[in-house]
Structures are given as C-alpha cells and as structure tokens.
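S.K.: The listed protein sequences derive, respectively, from chains S and F.
Read left to right, the first sequence gives residues 262 to 454 (this note's numbering).
Read left to right, the second sequence gives residues 262 to 454 (this note's numbering).
Glycine included, C-beta positions come from ideal geometry on N, C-alpha and C.
Take this structure first; my questions come after.
Number of protein chains: 2
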Amino acid sequence: MALLDQEGADRLTMRRLAERLGTGSTTLYWHVKTKDDVLDLALDAIFGEVEIPRTDGGDWREDVTALIRGWRAALLDHPWSASLLGRPLMGPNVLARSEFLHATLVAAGFTDPHLTAAAYGLSNYVIGSALMQATWQNGDEEQARRAAHDHLRAHRDRYPTLAAHGPLIGNDWDTTFTLGLTYLLDGMKTAER
Amino acid sequence: MALLDQEGADRLTMRRLAERLGTGSTTLYWHVKTKDDVLDLALDAIFGEVEIPRTDGGDWREDVTALIRGWRAALLDHPWSASLLGRPLMGPNVLARSEFLHATLVAAGFTDPHLTAAAYGLSNYVIGSALMQATWQNGDEEQARRAAHDHLRAHRDRYPTLAAHGPLIGNDWDTTFTLGLTYLLDGMKTAER
DNA sequence: ACCTGAACACCGTTCAAGT
DNA sequence: ACCTGAACACCGTTCAAGT
Numbered sequence: 262m263a264l265l266d267q268e269g270a271d272r273l274t275m276r277r278l279a280e281r282l283g284t285g286s287t288t289l290y291w292h293v294k295t296k297d298d299v300l301d302l303a304l305d306a307i308f309g310e311v312e313i314p315r316t317d318g319g320d321w322r323e324d325v326t327a328l329i330r331g332w333r334a335a336l337l338d339h340p341w342s343a344s345l346l347g348r349p350l351m352g353p354n355v356l357a358r359s360e361f362l363h364a365t366l367v368a369a370g371f372t373d374p375h376l377t378a379a380a381y382g383l384s385n386y387v388i389g390s391a392l393m394q395a396t397w398q399n400g401d402e403e404q405a406r407r408a409a410h411d412h413l414r415a416h417r418d419r420y421p422t423l424a425a426h427g428p429l430i431g432n433d434w435d436t437t438f439t440l441g442l443t444y445l446l447d448g449m450k451t452a453e454r
Numbered sequence: 262m263a264l265l266d267q268e269g270a271d272r273l274t275m276r277r278l279a280e281r282l283g284t285g286s287t288t289l290y291w292h293v294k295t296k297d298d299v300l301d302l303a304l305d306a307i308f309g310e311v312e313i314p315r316t317d318g319g320d321w322r323e324d325v326t327a328l329i330r331g332w333r334a335a336l337l338d339h340p341w342s343a344s345l346l347g348r349p350l351m352g353p354n355v356l357a358r359s360e361f362l363h364a365t366l367v368a369a370g371f372t373d374p375h376l377t378a379a380a381y382g383l384s385n386y387v388i389g390s391a392l393m394q395a396t397w398q399n400g401d402e403e404q405a406r407r408a409a410h411d412h413l414r415a416h417r418d419r420y421p422t423l424a425a426h427g428p429l430i431g432n433d434w435d436t437t438f439t440l441g442l443t444y445l446l447d448g449m450k451t452a453e454r
C-alpha cells in the first residue's frame, strides 16, 4: 500500500516491492501466487478503511449514503485503485460492505429486481465517479487537464457546449458527486416498498 | 481493434501488433508516439460506433437514454475497454458524444450545478456499469463467477443477504442497468428547469 | 518452512542506419 | 518520408538449490 500510494500502480513491480521488503523478488512467490494476488489484496485493503455505519434501524437512506460516501473517500485516498477497479472484488472487506448494503436495502423493503438494481446502481455510480475523478484530478494529470481545457477552447466551434459549460473547468467534485447521488436515491424512492 | 477484440487488452503488445501488420515493432514508433497512444486511439474508436441520436427537438429524456444505451452497448461489444476506462477520454468521437449530451441537457433547461451533475452522473453510471458487467460477464471470467458464487454460499453465515439475494446469481444485466438508469433520470427530473 | 540465484520468455522504447 | 536491427533497461515467473 505504501508503495502504491507513493508511486502509483504503474510502478508497483514484484522486484520493487521485494526491494522495499528487503528480499529478492522471487521470494515473494512463496507468500503469494501471482502479482494479481498482490493487487487484489491491496484493493481489498482499501475497503477495510471504510467504516460500516452502525445502523440504528433508522433511515436506510442515511445509512446507504454514509456507506457510499465512505466508499468514495477510500477510493480517492488511494487513486491508484482507479486503474484496478476492473477486477472482481471478492475480498472479505468488500464483501462485508456489500453485505451491509444489500441487507440495508432488504430491510428498507426492496425486493428484486429493484434490490439488485439499487445495489448495482449505487456501486456502479460510486465506482464510475471515483474512476472519473481519479483520472482527472491527480497530480501528474494536472497538465493533461490543462491540455484538455485548452483543446476544448481551441475547438469551441466543434464543441460549443463543452467549451462553455464544460466539465474539468470549474468542477467541484464533491457537490457534483453529492447531487448525482441525490438523483439516484430520489429515483430509488419509487421502488421502495 | 481486431487484436484487442480477439485477445484482450493484456495481449496487446507492440510486438504482436506489429506482427499482425507485417512489420517490426519498432516501425510502429514512426506512426505513434507510445503504446498509450495506441490504446487511446482504440478507445476513442469504440465511441465512434455509438450513433448520435437525431434529436427532433422532442423529449430530452429519450435522446439521453438512446445515447447512454448506445454508449453502453459499444463498451460491452469490446470488453477490453473496461480495463482502459481509467484514462482521459479526449478523442474526437468521445467529445462529439459528450457535446451532444451536454447540449441536450442545456436545451432541456439544466443549469449548473445540475448540468454538470447530470452529465457526470450519467457518464459515471454507464462507465461503472459497463466496467462491472465486463468484469463479471466475460468468457474467461466464467470460472471466477462460479468460484465467487460458491464462495458466497460457503460463507452464508457471514454474508447471508449476499448468499440469498446476491448478485451474479441470476442477474439480468440489461434490466438491472435499465432500472438504475430510470432511477437516475427520475431523480434528475427535479433538477430540470 | 522459508529464502536465494540463475534463468526463461517476454516487455516498451531508442537510435543509428538504411532506402 | 518511412522502415529496419541491434540494443537497453526492464518485466513476471519458475525452479533447483540452499538453510
């Protein structure tokens, strides 16, 4: 995790990881099967940082919101996670939080197909959002953002709306995320039992 | 694209690509700056397959739905795209469709911050959904899905809700996606001018 | 039970040299 | 303007051998 946080996913190498641990790279293969296993472990560790709301049997919407916000915060705290989200999330930490999400929705009266749609909708939204923000917000991408900005302005004839109201320009990621989550939850209300 | 479609992102190599084109790998660097450029070009090409709705000035919701569905279909047609979505999408095809999305929302009366939130919300949702589905649905992941299924059943004490109603089990991806999109659009109605 | 070194089969990319 | 070959600095992973 330290290596990933400091240098990003590209620079995580079995050799570099081993060096940081004071061994040879081949030693790692006694403890781990492949590099993918290392990435799966690191990714699941992120979700361990997400606090599971202590539900007082109260508002399901409040509980779900807290979980999803924590989920997002954890992903953004470790931006390298964005490039790894395209793999099955099956670690104990992910599953525990996924269980909470499903249980909360069930308790709120959701039944299939709305149960599945709500759970997936929330997960997909938070993953997509974290992916998008991590892509554009992070350090080395500062220049990419500026270049994108300039590119839109330069071709404002082709992309008038994007150049004018376009994203990336004065985007407040937090309120954008919150509003989108509100839409989703408002829309789900209809499906609530 | 042919190479990616047939063998996936992992197996796209400058050497293998060159072989397919009947040249040496180093020749490619005359036409392209880095491998990342190749991936960016391939990814943008996907979006070129998405038809931009011919808006008759009618229902914005209908137009947006058509675009997002096309977006999703294109991504799922090329599942290797899932692992590449964590990079800036700035090709002409993406931008043209993004411009349409924003313009449609503006015409519908959306203003900031709702305009940005709606556009991002829709994009993030479709990207997250395609990522999730491609992760679980695809060929070689058949066994991963079965293993995940078995794992949940085996630990049904820890994950009772997931084991019972859990995803991956009898999930109809299309209706799950459609329902989630409905929630989002319903929720956005409030923000409409 | 755990660690090591040598080795294999690859990578992306550069660069001088060719036509 | 475009292509080639040799070369550099890496990769993930295996496996016999050590302690």
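According to a CB-to-CB cut-off of less than 8 Å, which residues of the region 370-391 of chain S neighbour chain F?
M.R.: Under the 8 Å Cβ criterion, the region 370-391 of chain S contributes ASP373, PRO374, HIS375, LEU376, THR377, ALA378, ALA379, ALA380, TYR381, GLY382, SER384, ASN385, TYR386, VAL387, ILE388, GLY389 and SER390.
S.K.: Taking beta-carbon pairs under 7 Å, can you tell me which members of the region 336-367 of chain F lie near chain S?
M.R.: Result list: ALA343, SER344, LEU346, GLY347, ARG348, PRO349, MET351, LEU356, SER359, GLU360, HIS363, ALA364 and VAL367.
S.K.: Would the region 417-437 of chain S count as touching the region 356-374 of chain F if we require 3 or more Cβ pairs under 8 Å?
M.R.: In short, these stretches touch, since the Cβ pair count reaches three.
S.K.: Between THR422 (chain F) and the ligand GDP, is there a pair consisting of the residue's CB and a ligand heavy atom that are separated by less than 7 Å?
M.R.: Summarising the ligand content, the structure contains no ligands, and the ligand GDP is consequently not present.
S.K.: For ASP447 (chain S), go through chain F and note every residue whose CB falls closer than 9 Å to its CB, in chain order.
M.R.: The contacting residues are TYR444, ASP447, GLY448, MET449, LYS450 and THR451.
S.K.: Which same chain residues end up closer than 6 Å to TRP321 (chain F) when comparing Cβ atoms and leaving out the 5 residues on each side of it in sequence?
M.R.: So the list reads THR365 and ALA369, once near-sequence residues are dropped.
S.K.: Determine which residues of the region 268-283 of chain S have a Cβ less than 8 Å from any Cβ of chain F, and write them out in chain order.
M.R.: Those residues of the region 268-283 of chain S that come within reach of chain F (Cβ to Cβ, closer than 8 Å) do not exist; the list is empty.
S.K.: Would you check if the distance between the CB atom of ALA378 (chain F) and the CB atom of LEU302 (chain S) is smaller than 8 Å?
M.R.: No, they are not a contact pair.
S.K.: Quick one: is HIS339 (chain S) buried, meaning 16 or more other Cβ sit within 10 Å of its Cβ, or exposed?
M.R.: Buried is the call here.
S.K.: Go ahead and pull the three-state DSSP assignment for ALA452 (chain S).
M.R.: Here ALA452 (chain S) sits in coil by DSSP.
S.K.: For SER342 (chain F), which residues of its own chain have a beta-carbon under 7 Å away from its beta-carbon, when the five flanking residues on both sides are left out?
M.R.: Excluding positions up to five away in sequence, the list reads LEU304, ILE307 and LEU336.
S.K.: Which residues in the same chain have their Cβ closer than 8 Å to the Cβ of TRP434 (chain S), if we skip the five residues on either side of it in sequence?
M.R.: Closer than 8 Å at the Cβ level, and outside the excluded window around TRP434 (chain S), lie GLN394 and GLN398.
S.K.: Are the Cβ atoms of LEU264 (chain F) and ARG281 (chain F) separated by less than 8 Å?
M.R.: Yes.
S.K.: Suppose you measure from the CA of ASN385 (chain F) to the CA of SER344 (chain S); what does that come to, to the nearest Å?
M.R.: Approximately 15 Å between the Cα atoms of the pair.
S.K.: Could you spell out where the alpha helix (DSSP H) holding VAL299 (chain S) opens and where it closes?
M.R.: Run containing VAL299 (chain S): 296-309, per the alpha helix (DSSP H) assignment.
S.K.: Please name the residues in the region 399-423 of chain F whose beta-carbon is closer than 9 Å to at least one beta-carbon of chain S, in chain order.
M.R.: Listed by position along the chain: GLU402, ALA405, ARG406, ALA408, ALA409, HIS412, LEU413, HIS416, ARG419, TYR420, PRO421, THR422 and LEU423.
S.K.: Taking Cβ-Cβ distances shorter than 7 Å, what residues in chain S pair up with THR396 (chain F)?
M.R.: In chain order: GLY347, ARG348 and PRO349.
S.K.: Since LEU383 (chain S) and LEU362 (chain S) should fall inside the 8 Å C-beta cutoff, what is the C-beta to C-beta distance between them, to a whole number of angstroms?
M.R.: At roughly 7 Å, the Cβ-Cβ gap stays under 8 Å, so LEU383 (chain S) and LEU362 (chain S) are in contact.
S.K.: Just to confirm before moving on: does the CB-CB distance between VAL387 (chain F) and HIS426 (chain S) stay below 8 Å?
M.R.: The answer is no: Cβ separation not under 8 Å.
S.K.: Are TRP291 (chain S) and VAL311 (chain S) close, meaning C-beta to C-beta below 8 Å?
M.R.: Against a cut-off of 8 Å, the Cβ pair of VAL311 (chain S) and TRP291 (chain S) comes out as no contact.
S.K.: Just to confirm, are ALA380 (chain F) and PRO428 (chain S) a CB contact at a threshold of 8 Å?
M.R.: Yes; because the gap between Cβ atoms is below 8 Å, this pair is in contact.
S.K.: For GLY448 (chain F) versus ASP324 (chain S), is the C-beta distance shorter than 8 Å?
M.R.: Against a cut-off of 8 Å, the Cβ pair of ASP324 (chain S) and GLY448 (chain F) comes out as no contact.
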